[in-house]
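Remember, my numbering sits 1 above the position in the sequence shown when you count from 1.
Using N, Cα and C, we set each Cβ at its ideal position, and we do this for glycine too.
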Amino acid sequence: MLTYLEARDKIRSMVKQLPTERIPLAQALNRILAYPIFADRDYPPFNRAAMDGVAIRMEDWNNGIREFRIRTTIFAGMETPTTIATGECYKIMTGAACPIPADTIIRKEDLTFTPNGTALIRRESISRGQHLAQRGEDLKKNELAVTAPRVCDISLIGTLAALGIHQAPVYKMPTVGIVTTGNEVVDIQQQPEHFQIRNSNQHLLRALCEQWQLPIRSCQHVSDEPKALSAALKQATQQQLILINGGVSAGDADHVPQILRELGVEILFHKVSIKPGKPLLVGFLPEGKIIFALPGNPLSCFMTFKLFVEDYLHGCLGFTNERFQTSTLTIPRFKKSSLDEFFPVFRHAGEYGYTWKPHHGSGVITATVGCDGIGWHVHNKHVIAENDSIPVLSLHPFFNIIKPY
Ligand code: AMP
Ligand code: MG
């Protein structure tokens, strides 16, 4: 059986770069920017007044002039005048383009406007260029503004808009087909019999896909009956990323591995020495489609998506950073198995590190509620002592890849 890292590396070897597309910026939130963005012009594009006041020439101030004749008023959005005579100033508003011959702004608060159309400066000293954002001081035309790949998150959208990126170049996410399996599993609108359970994993998988902006093209539930299963799986393989849930362990009703083989799926591996999630199967079709058959227990489904499906997507998007961060576990944890164990971890406001809490196995439906990440109890370590460092994978899919620009 493969170890966690061996299984992860096998999946990484299947990673292929995704194609790109241009989409309206209004639809780009949480998509992944595929190309770097360069400045189309200087930013700011003109010398911009940062205060309401008057614009003067420093030379006049140095020559002792303190009272300036107001030539005209320049509002934001007005075209800039080009001349200014000795002893003249422009009344100017924040955001307006300051005429080049003027190089310094005096704030309104430091001025007296006289009835005969002049502005009197009431300050002992001023400095050249004050309250004036210089053209190109943020970015020069053609300068690298934003690196890629990068998540088009809230921190980026405004910047892309300012740079005129009305069509954002993003990676085209693979289409997804979801198949959940199990005779005991019923739709959540339905009142289950006492021997039935609700199809919670369908909703979990939908939500996980949504976080990655993956377009779900088909989503169905199917019984453990081989013919029905085969038809459903075949239909799902029309998509590029196929997520199957349940039916992948060693029980008599677990037909998924056999049916996938019959459909021509090449099995990359079946079973990994992890807990939860051991029965995981990953396969692919010759045309490069990838199939993740995730175990049916809710916690196993959650963990195997986070650990393997996300790792695959991360690679396809060109991210190379380590997804786990080193963090502190403030409560000790003991492990009997020789498997790599993964468990929900919790952060508490104002406290350092993560805690965790015991649960009764991977079928517990509340095990993840409120968790902030997944802790990794490495296979050869039996005890995590109080305040030991452990690798933690954030619940946020893009936690560690938002680099400074
Ligand atoms: P399986 O992997 O099919 O052997 O299922 C393992 C456990 O997960 C069983 O207790 C199932 O009832 C449960 N399970 C399977 N599919 C789902 C699902 N879609 N939603 C919630 N639980 C499920
Ligand atoms: Mg089942």
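Quiz item: Does the distance from the C-beta atom of Met29 to that of Cys220 stay below 7 Å?
Solution: Note on identity: in this sequence residue 29 is Ala, with Met being the wrong assignment. Cβ distance not < 7 Å, so Ala29 and Cys220 don't count as in contact.
Quiz item: Hey, is Thr181 close to the ligand AMP, as in C-beta under 6 Å from one of its heavy atoms?
Solution: yes
Self-check item: Unbroken stretches of the beta strand (DSSP E), 3 residues or longer, contained in the stretch 248-272
Solution: Runs of the beta strand (DSSP E) lying entirely within the stretch 248-272 and spanning at least 3 residues, in chain order: 267-271.
Quiz prompt | Start-end ranges of the alpha helix (DSSP H) lying completely within the stretch 284-362, minimum 4 residues | solution = 299-305, 311-317
Quiz prompt | Pair within 7 Å by beta-carbon distance, Ile391 and Gly376 | solution = yes
Self-check item: Closer than 6 Å: Gly362 CB and nearest the ligand MG heavy atom
Solution: Here the distance from the Cβ of Gly362 to the nearest heavy atom of the ligand MG is not below 6 Å.
Exercise. Mind reading off the beta-carbon distance from Trp357 to Leu330? Whole number of angstroms is fine, and I expect it under 8 Å.
Key: 7 Å
Practice problem: Could you check how far apart the C-beta atoms of Ile106 and Gly54 are, in whole angstroms? I think they sit under 8 Å. | Solution: 5 Å
Practice problem: Go to Gln212, then tell me how far its alpha helix (DSSP H) extends in each direction, as first and last residue. | Solution: Here the alpha helix (DSSP H) through Gln212 covers 201-212.
Quiz item: Which term fits Pro175, buried or exposed, when burial requires 16 or more other beta carbons within 10 angstroms of its beta carbon?
Solution: buried
Quiz item: Would the C-beta of Gly374 count as close to the ligand MG, meaning under 6 Å from any of its heavy atoms?
Solution: no
Quiz prompt | Assigned secondary structure, Ile75 (DSSP; H/G/I helix, E/B strand, else coil) | solution = strand
Quiz prompt | Proximity below 7 Å, CB of Leu3 to CB of Val273 | solution = Result yes, Cβ atoms of Leu3 and Val273 sit closer than 7 Å.
Exercise. Using beta-carbon positions only, say whether Leu282 and Pro258 come within less than 7 Å of one another.
Key: yes
Exercise. Have a look at Val16 and Ala134 and give me their C-alpha separation to the nearest angstrom.
Key: 46 Å
Quiz item: At what residues does the alpha helix (DSSP H) containing Leu6 begin and finish?
Solution: Counting along the chain, the unbroken alpha helix (DSSP H) around Leu6 starts and ends at 5-13.
Quiz item: At what residues does the beta strand (DSSP E) containing Ala120 begin and finish?
Solution: 119-122
Quiz item: Considering only residues of the same chain and omitting the five flanking positions on each side of Gly364, which have a CB-CB separation below 6 Å?
Solution: If we look at Gly364 and ignore the five residues flanking it on each side, its Cβ neighbours are Asn298.
Exercise. Report all residues from its chain with a CB closer than 6 Å to the CB of Pro405; omit the five preceding and five following residues, and keep chain order.
Key: At Pro405, the pLDDT of 42 sits below 50, so the modelled position is not reliable; the number obtained from the coordinates is stated separately. Result list for Pro405: empty, nothing under 6 Å.
Exercise. Taking only heavy atoms of the ligand AMP into account, decide whether any of them is closer than 6 Å to the Cβ of Glu185.
Key: yes
Quiz prompt | Same chain, Cβ closer than 7 Å to Asn31, neighbours up to 5 away in sequence not counted | solution = Val152, Cys153, Asp154, Gln214
Exercise. May I ask you to verify whether the stretch 167-174 touches the stretch 265-272, counting CB pairs closer than 8 Å and requiring at least 3?
Key: no
Practice problem: Please list, in chain order, all residues of the same chain as Leu112 whose beta carbon is under 8 Å from its beta carbon, the five residues on each side excluded. | Solution: Gly54, Val55, Ala120, Leu121, Ile122, Arg123
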